[in-house]
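Q:
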Amino acid sequence: MLRAIAVRAGLSRSGQLVAPSVCRAMSSTAGDSNSLVLTEEVGSKGVITLNRPKALNAINLEMVRLIYDAMKQWESTKSVVIVKSVGDKAFCAGGDVRAITETSNVELARKFFSTEYRLNALIGSYRPTYIAFIDGITMGGGVGLSVHGKYRIATERTMFAMPETAIGLFPDVGGGYFLPRLEGKLGLYLGLTGFRLKGRDVHKAGVATHYVESKNLAALEQQLLATTSGAEVESVLDRFSEKRDAGAEFVLAKQLQQINQCFSAPTVEAIFQQLERDGSEWAQNTLKLLHKMSPTSMVVTQKQLELGGKMDLKTCLKMEYRLAVHHAIDSDFKEGVRALLIDRDQKPRWNPATLAEVDPARIEQFFGPLPDGDELQFEEEGPKASL
Numbered sequence: 001m002l003r004a005i006a007v008r009a010g011l012s013r014s015g016q017l018v019a020p021s022v023c024r025a026m027s028s029t030a031g032d033s034n035s036l037v038l039t040e041e042v043g044s045k046g047v048i049t050l051n052r053p054k055a056l057n058a059i060n061l062e063m064v065r066l067i068y069d070a071m072k073q074w075e076s077t078k079s080v081v082i083v084k085s086v087g088d089k090a091f092c093a094g095g096d097v098r099a100i101t102e103t104s105n106v107e108l109a110r111k112f113f114s115t116e117y118r119l120n121a122l123i124g125s126y127r128p129t130y131i132a133f134i135d136g137i138t139m140g141g142g143v144g145l146s147v148h149g150k151y152r153i154a155t156e157r158t159m160f161a162m163p164e165t166a167i168g169l170f171p172d173v174g175g176g177y178f179l180p181r182l183e184g185k186l187g188l189y190l191g192l193t194g195f196r197l198k199g200r201d202v203h204k205a206g207v208a209t210h211y212v213e214s215k216n217l218a219a220l221e222q223q224l225l226a227t228t229s230g231a232e233v234e235s236v237l238d239r240f241s242e243k244r245d246a247g248a249e250f251v252l253a254k255q256l257q258q259i260n261q262c263f264s265a266p267t268v269e270a271i272f273q274q275l276e277r278d279g280s281e282w283a284q285n286t287l288k289l290l291h292k293m294s295p296t297s298m299v300v301t302q303k304q305l306e307l308g309g310k311m312d313l314k315t316c317l318k319m320e321y322r323l324a325v326h327h328a329i330d331s332d333f334k335e336g337v338r339a340l341l342i343d344r345d346q347k348p349r350w351n352p353a354t355l356a357e358v359d360p361a362r363i364e365q366f367f368g369p370l371p372d373g374d375e376l377q378f379e380e381e382g383p384k385a386s387l
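The numbers in UniProt numbering rise by one with no breaks, and the one at position 15 of the sequence shown is 15.
1. Which same chain residues, not among the five before or five after Ser146, have their C-beta less than 6 Å away from its C-beta?
2. Residue 388 to Pro295, Cα distance in whole Å?
3. Taking just the CA atoms, how far does Thr165 sit from Gly194?
4. List the residues that DSSP assigns as beta-bridge partners of Thr49.
5. Can you tell which of Gln273, Ala154 and Val358 has its C-alpha closest to the C-alpha of Ser241?
6. For Val106, count neighbouring C-beta atoms within 10 Å of its own C-beta (all shown protein chains included) and say buried if the count is 16 or more, exposed if not.
7. Per DSSP, which residues does Leu56 bridge with? Please list them.
8. Going along the chain, which unbroken runs of the alpha helix (DSSP H) with 4 or more residues stay wholly within the region 231 to 313?
9. Is His148 buried or exposed, if buried means 16 or more other CB atoms sit within 10 Å of its CB?
10. Would the region 106 to 121 count as touching the region 76 to 91 if we require 3 or more Cβ pairs under 8 Å?
11. Rounded to the nearest angstrom, what separates Met26 and Val42 at their Cα positions?
12. Thinking C-beta only, is Phe91 closer than 9 Å to Gly140?
13. Measure the alpha-carbon distance for Glu379 versus Thr228 and round it to whole angstroms.
14. Count the C-beta pairs between the region 273 to 282 and the region 297 to 306 that are closer than 8 Å, then say yes if the count reaches three, no if not.
15. Using DSSP's beta-bridge definition, name the partner residues of Cys92.
16. For Glu160, report the span of its alpha helix (DSSP H) as first-last.
17. Looking at the structure shown, is Lys78 part of a helix, part of a strand, or coil, going by DSSP?
18. Measuring CB to CB, does Gly184 end up less than 9 Å from Leu256?
19. When the Cα of Tyr321 is compared with those of Thr158, Gly191, Phe170 and Pro360, which residue comes out closest?
20. From which residue to which residue does the alpha helix (DSSP H) around Ser177 run?
Okay, structure coming up:
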């Protein structure tokens with residue numbers, strides 16, 4: 001099992017004293033480095049590493065289960081848990097939606113989404129201090145692995161996006177909870193357009209809590225693993241992080257007023273009308289982008305964020321599970337994945353093809369209850385739960 005853990009200081013090649021390092025004991029989930037998820041225990045700290053770099057660390061059902069099991073095992077024994085990834089391209093590019101849609105297996109979709117959303121809920125209420133190093137691409141499921149935790153560390157390589165409306169889905173993994181809580185209507189804008197935030201802008205938007213250059217992540221991790229209190233964790237993060245207002249102006253700073261005005265409209269059709277009235281180059285480009293998205297997904301997303309902004313995380317995830325199951329059965333989801341990720345012809349055939357054709361009754365069905373026994377349940381709950 002685990003060897004004794006000791007903290008030690010050392011000398012660099014130049015003879016300078018370097019930060020304390022921690023003797024680490026590996027206990028990879030599968031017993032070797034071939035596991036899709038690696039775990040380490042360092043005294044009272046735990047480290048989870050996504051190890052699927054060739055797939056940009058996209059998470060599948062097996063990985064979600066491994067992460068969940070490790071976190072539950074450590075829930076009462078660890079003070080800090082760090083989540084990171086192998087490689088410098090991606091923290092996690094999302095859930096493996098190809099695997100879900102290619103089989104047309106609704107039961108697989110149920111298992112994946114229910115397990116993933118339970119993990120999101122666990123992260124949101126986790127007793128140990130949860131720290132995600134979102135170094136590289138962080139989309140969809142990768143956002144769910146990070147944004148609900150206490151600390152999210154962005155780097156110059158971070159690229160954040162919730163691009164689900166482009167594949168006929170909706171910004172899930174608690175997107176309905178955290179997006180409405182960003183400044184003004186920024187969250188709805190990000191959720192409908194899939195706009196990509198990069199580097200410092202992920203921090204400036206409030207998605208990340210800290211910004212650290214990637215070259216300093218290893219030293220940051222070592223110091224975090226040597227901490228002895230929550231206050232010390234906060235101090236270490238602040239020492240490594242840049243101030244939120246450092247560097248260039250937020251990429252959307254000049255458009256925030258327009259975003260708030262246009263995306264405050266009560267319906268997606270009204271948002272389109274506001275953008276048309278605005279008429280600026282930004283508004284025209286935004287309209288071009290929105291016209292590529294699934295009309296149904298956009299209407300679902302607008303309602304999801306409107307409702308989710310008034311919910312706690314677990315209630316929101318229950319709502320999103322209903323949406324996910326209904327989308328797996330009958331929606332633009334499979335067609336969107338085909339067009340963008342499988343055939344890559346970039347020509348999805350949305351049904352319906354226009355906002356005007358979207359049936360309000362069908363939208364209500366997406367949000368409707370599932371059959372008895374099929375609703376999302378969390379471990380601490382009894383057999384029945386309702387929104």
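Note that beta-carbon positions come from the ideal geometry of N, C-alpha and C, so glycine has one too.
Values in this document were obtained by computation on a predicted structure and should not be read as measured data.
A: Checking against the coordinates, here is how it stands:
1. Ala132, Ile134 and Arg152
2. For residue 388 there is no data in the structure shown, the boundaries of the chain being 1 and 387.
3. 7 Å
4. Leu38 and Lys84
5. Ala154
6. exposed
7. DSSP output for Leu56 lists no bridge partner at all.
8. 256 to 262, 268 to 278, 281 to 290 and 295 to 308
9. buried
10. no
11. Here Met26 scores only 49 on pLDDT, less than 50, and its place in the model should not be relied on; the value that follows carries that caveat. Rounded to whole angstroms, Met26 to Val42 spans 8 Å at the Cα level.
12. no
13. 30 Å
14. no
15. Thr138
16. Note that residue 160 is Phe in the sequence shown, not Glu. Taken as a continuous stretch (DSSP letters only), Phe160 belongs to no alpha helix (DSSP H), being part of the beta strand (DSSP E) at Met159 to Ala161.
17. coil
18. yes
19. Phe170
20. The residue you asked about is not Ser; residue 177 is Tyr in the sequence shown. Where Tyr177 is concerned, the enclosing alpha helix (DSSP H) stretches over Gly175 to Phe178.
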